[in-house]
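S.K.:
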Amino acid sequence: MLSAVYRKDLPVLEQWCSKDIQWDIAGRPSMQGLETSADGQSCSNQQSVTHFSHVIKFASAGKAAKITAVRSYFVEQPGAERAV
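Counted from 1, the sequence shown has number 32 at position 24 by the working numbering; the numbering is strictly sequential.
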């Protein structure tokens, strides 16, 4: 599913996600307002680390607000080891 997110492949995402999907990020407090973000890193088998950040904008500040935009940033750091 994440590869579909990265490719912005909406037909695949619609197949895998319900209309009321909830995305929880462990270790982060829930945010309120019109914007939130999620930051992290992923590691490959080739000893590289990709840092990422997803910035999500909502139509309103309510709990049932729809997502209006997502901007993602990816920075690959070859030869790096995962931070603990």
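Here a beta-carbon is modelled for each residue, glycine too, at the ideal position from N, C-alpha and C.
Whole angstroms are fine: how far does the CA of residue 60 sit from the CA of residue 84?
M.R.: 9 Å
S.K.: So the candidates are 64, 27, 17; which of them puts its Cα closest to the Cα of residue 77?
M.R.: 64
S.K.: Counting along the chain, where does the beta strand (DSSP E) carrying residue 85 start and finish?
M.R.: 75 to 86
S.K.: Whole angstroms are fine: how far does the CA of residue 58 sit from the CA of residue 82?
M.R.: Straight-line spacing of the CA atoms in residue 82 and residue 58 works out to 6 Å.
S.K.: Quick check: what's the CA-CA separation for residue 71 versus residue 49?
M.R.: 27 Å
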